[in-house]
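The C-terminal position of the sequence shown is numbered 380 in my numbering, with every residue numbered one higher than the one before it.
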Amino acid sequence: MNKEILQKEKDWEIRRRAFEQNKEANNLKIISLKQNYLLKENDAINSYNKLILDKSKYPFAFNKEIYCEYNSSNNILVVDYYFPEPKNIFTLKNVSFVASLNEIKEKHITEKQQNNSFDEVIYKITLRSINELFNSDHIKCLEAVSFNGWVRSINRATGNEIKSCILSIQVNKDELKLINLENIDPKECFRSLKGIGSSKLSSLSAIQPIIPTLDSDKRFVDSKDTIFNESTNLALMHWEEFEHLIRELFEKEFNNNGSQVKVTQASKDGGVDAIAFDPDPIRGGKIVIQAKRYTNTVGVAAVRDLYGTVMNEGANKGILVTTSDYGPESYKFAKGKPITLLNGGNLLHLLEKHGTKARINIKEAKRILNDSNN
Numbered sequence: 007m008n009k010e011i012l013q014k015e016k017d018w019e020i021r022r023r024a025f026e027q028n029k030e031a032n033n034l035k036i037i038s039l040k041q042n043y044l045l046k047e048n049d050a051i052n053s054y055n056k057l058i059l060d061k062s063k064y065p066f067a068f069n070k071e072i073y074c075e076y077n078s079s080n081n082i083l084v085v086d087y088y089f090p091e092p093k094n095i096f097t098l099k100n101v102s103f104v105a106s107l108n109e110i111k112e113k114h115i116t117e118k119q120q121n122n123s124f125d126e127v128i129y130k131i132t133l134r135s136i137n138e139l140f141n142s143d144h145i146k147c148l149e150a151v152s153f154n155g156w157v158r159s160i161n162r163a164t165g166n167e168i169k170s171c172i173l174s175i176q177v178n179k180d181e182l183k184l185i186n187l188e189n190i191d192p193k194e195c196f197r198s199l200k201g202i203g204s205s206k207l208s209s210l211s212a213i214q215p216i217i218p219t220l221d222s223d224k225r226f227v228d229s230k231d232t233i234f235n236e237s238t239n240l241a242l243m244h245w246e247e248f249e250h251l252i253r254e255l256f257e258k259e260f261n262n263n264g265s266q267v268k269v270t271q272a273s274k275d276g277g278v279d280a281i282a283f284d285p286d287p288i289r290g291g292k293i294v295i296q297a298k299r300y301t302n303t304v305g306v307a308a309v310r311d312l313y314g315t316v317m318n319e320g321a322n323k324g325i326l327v328t329t330s331d332y333g334p335e336s337y338k339f340a341k342g343k344p345i346t347l348l349n350g351g352n353l354l355h356l357l358e359k360h361g362t363k364a365r366i367n368i369k370e371a372k373r374i375l376n377d378s379n380n
């Protein structure tokens, strides 16, 4: 046996071992996912449902980008699903050979037909995806699916990529059981289930999702519990700890109706320290929360910044929380706007409401901070 054959055998053995190791690692991941899914852990439920949608086959190829977020308090799975652009839907009608020209001619559908085809495909993907999720719910954890359909496209005016939520629908499991999907008109079915979207989805007109996912926002960081006692002066708490304290507090405040609260990264992101989503269909929506661990009075500039952030985020409301207080101009600016200002006293009251006693001593904080700077 010559050296070339021996080397090929060695290379093959190396590839075989690598394959076996990868297979074993993947099998362990699957076993772990299955165990955690059966235990109804949120992350496992999210991963499992994303796999269900990832493996769906369609007659045209597109890069699937899917985010799933399960809320165990109300058993709702929120899905952000990125559809293909209208131009990626098949436009070819037929192909013919012209003997006189010795050419193959392609005939494409009209732009109107292409737009209608896009709309029909999107409604079908939406209803099929929701149906697949319910049919795959082996542990009976899904009572409803809130599905948001997104499209990434290029803004022709700026040349920059934009993303638009073009439809949103929330469907209860029992509601879908009454529908025979084989015989329905996709658009009519979508409308009867109170789905929202523009009359022409191909226009890519943006709408507000019924319930947005929070995990798809890359600014969010893992939450952590804050540790302090009654002697802790909140005005001296580390700013990052203070933000997580506010997250914990509003998580408890909104907990009764399945709301979610996420803390953002420590970066210049428009001043957003946390974002909450209240699923209540009347008073709820997206809420921007900012935390100011201040020892001085909060000026009107901070309140203006919050209002600007609320507008930029497309939020329903803004809440500004501080350890100190606000000046008269701040309260004047906030009047009549979707802004709530909570001062140190309000913060202590809210903490006590949820079983946590704390204290705020501005004079002590100023003295200690001054001493540390000298």
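Glycine included, every Cβ here is placed at the ideal spot set by N, Cα and C.
> Do you know how far the Cα of Q176 is from the Cα of L44?
Replying inline: Residue numbering aside, residue 44 sits at position 38 when the sequence shown is read from its first letter. Residue numbering aside, residue 176 sits at position 170 when the sequence shown is read from its first letter. One C-alpha to the other measures close to 25 Å.
> Taking buried to mean at least 16 other C-beta atoms within 10 Å of its own C-beta, is T329 buried or exposed?
Replying inline: What you label residue 329 is simply residue 323 of the sequence shown in a count that begins at 1. Label assigned to T329: buried.
> So the alpha helix (DSSP H) Y73 belongs to, where does it begin and stop?
Replying inline: Along the sequence shown, one-based indexing puts residue 73 at 67. From DSSP, Y73 is part of no alpha helix (DSSP H) but of the beta strand (DSSP E) over I72 to N77.
>> I need the DSSP call for I175, collapsed to helix, strand or coil.
In response: Locating residue 175 in the sequence shown gives position 169, where the first residue counts as 1. Of the three classes helix, strand and coil, the one that applies to I175 here is strand, per DSSP.
> Given a threshold of 16 other Cβ atoms within 10 Å of its Cβ, counted over all protein chains shown, does H250 qualify as buried or as exposed?
Replying inline: The residue given as residue 250 occupies position 244 in the sequence shown. By the neighbour-count rule (16 or more Cβ atoms within 10 Å), H250 is buried.
>> Quick check on A24: buried or exposed, where buried means 16 or more other Cβ atoms within 10 Å of its Cβ?
In response: Indexing the sequence shown from 1 puts residue 24 at position 18. Flag for A24 reads exposed.
> Would the beta-carbon of L357 fall within 8 Å of that of L255?
Replying inline: Locating residue 357 in the sequence shown gives position 351, where the first residue counts as 1. Locating residue 255 in the sequence shown gives position 249, where the first residue counts as 1. Yes. Within cutoff.
> Going by Cα to Cα distance, which pick from P92, T97 and A321 is closest to S211?
Replying inline: Along the sequence shown, one-based indexing puts residue 211 at 205. When each option's Cα is compared against that of S211, the closest is P92.
> Pick from Y87, V104, E75 and V127: whose alpha carbon is nearest that of T97?
Replying inline: Counting from 1 along the sequence shown, the entry for residue 97 is found at position 91. When each option's Cα is compared against that of T97, the closest is V127.
>> Is it buried or exposed, W245, if we count other Cβ atoms within 10 angstroms and call 16 or more buried?
In response: Along the sequence shown, one-based indexing puts residue 245 at 239. By the 10 Å Cβ count, W245 comes out exposed.
>> Cutting at 8 Å between CB atoms, please list the residues of its own chain near F66, excluding the five before and the five after it.
In response: In the sequence shown, the residue the question calls residue 66 occupies position 60. Closer than 8 Å at Cβ, skipping near neighbours: P90, N94, I95 and F96.
> Considering only residues of the region 159-214, which uninterrupted alpha helix (DSSP H) runs meet the minimum length of 4 residues and lie entirely inside it, listed in chain order?
Replying inline: 179-183 and 192-198
>> So for T328, helix, strand or coil by DSSP?
In response: Locating residue 328 in the sequence shown gives position 322, where the first residue counts as 1. T328 falls in the strand class under three-state DSSP.
> Under three-state DSSP, which class holds A308?
Replying inline: Along the sequence shown, one-based indexing puts residue 308 at 302. Helix.
> Between G361 and the rest of its own chain, which residues show a CB-CB distance below 6 Å, the 5 nearest in sequence each way excluded?
Replying inline: Counting from 1 along the sequence shown, the entry for residue 361 is found at position 355. Apart from sequence neighbours up to five positions away, no residue of its chain approaches G361 with a beta-carbon distance below 6 Å.
> Along the chain, where does the alpha helix (DSSP H) that runs through Y54 open and close?
Replying inline: In the sequence shown, counting from the first residue as 1, residue 54 sits at position 48. Unbroken alpha helix (DSSP H) run through Y54: N48 to D60.
> Closest to A241 by CA distance: which of N367, S123, G320 and L312 is it?
Replying inline: Counting from 1 along the sequence shown, the entry for residue 241 is found at position 235. A241 has its Cα closest to that of N367, out of N367, S123, G320 and L312.
>> Buried or exposed, going by whether 16 or more other CB atoms sit within 10 Å of the CB of F153?
In response: Position 147 of the sequence shown, counted from the first residue, corresponds to residue 153. It counts as buried.
>> According to DSSP, simplified to helix, strand and coil, what is H114?
In response: The sequence position of residue 114 within the sequence shown is 108, counting from 1. Note: H114 maps to strand in three-state DSSP.
> Which of helix, strand or coil does DSSP assign to S378?
Replying inline: By 1-based counting over the sequence shown, the position of residue 378 is 372. Helix at S378.
>> Helix, strand or coil, according to DSSP, for L348 in the structure here?
In response: Within the sequence shown, the letter at position 342 stands for residue 348. Strand.
>> For A150 and I168, what's the separation of their Cα atoms in angstroms?
In response: Position 144 of the sequence shown holds residue 150. Position 162 of the sequence shown holds residue 168. Cα to Cα, A150 sits roughly 29 Å from I168.
>> Quick check: what's the CA-CA separation for N379 versus A371?
In response: The sequence position of residue 379 within the sequence shown is 373, counting from 1. The sequence position of residue 371 within the sequence shown is 365, counting from 1. When rounded, the distance between both Cα atoms is 12 Å.
> First and last residue of the beta strand (DSSP E) that includes D284?
Replying inline: For the purposes of this step, residue 284 is taken as the residue at position 278 of the sequence shown. Looking at the DSSP string, the run of the beta strand (DSSP E) that includes D284 is A280 to D284.
> To the nearest whole angstrom, what separates the beta carbons of L187 and N137, a pair I think is in contact under 8 Å?
Replying inline: The residue labelled residue 187 in the question sits at position 181 within the sequence shown. The residue labelled residue 137 in the question sits at position 131 within the sequence shown. With a Cβ gap of about 6 Å, L187 and N137 count as contacting.
> Beta carbon of I295, beta carbon of A282: below 8 Å?
Replying inline: Working through the sequence shown from its first residue, we reach residue 295 at position 289. Working through the sequence shown from its first residue, we reach residue 282 at position 276. Their beta carbons are under 8 Å apart, which means I295 touches A282 by this criterion.
> From what residue to what residue does the alpha helix (DSSP H) around F387 run?
Replying inline: As displayed, the chain neither begins before 7 nor continues past 380, which places residue 387 out of reach and without an answer.
> Taking contact to mean at least 3 C-beta pairs separated by less than 8 Å, is the region 52-60 in contact with the region 69-76?
Replying inline: yes
>> To the nearest angstrom, how far is the alpha carbon of T303 from that of A321?
In response: Counted from its first residue, the sequence shown places residue 303 at position 297. Counted from its first residue, the sequence shown places residue 321 at position 315. Cα-Cα distance, rounded: 26 Å.
> Hey, out of K63, S237 and D284, whose CA is closest to K258's CA?
Replying inline: Locating residue 258 in the sequence shown gives position 252, where the first residue counts as 1. Minimum Cα distance to K258 is reached at D284.
>> Per the DSSP calculation, D86 is bridged to which residue(s)?
In response: Translated into the one-based positions of the sequence shown, residue 86 becomes position 80. For D86, which the question treats as bridged, DSSP gives the partners Y73 and N154.
> Alpha carbon to alpha carbon, how far is Y300 from L353?
Replying inline: One-based indexing of the sequence shown puts residue 300 at position 294. One-based indexing of the sequence shown puts residue 353 at position 347. Approximately 13 Å, taken between the alpha carbons.
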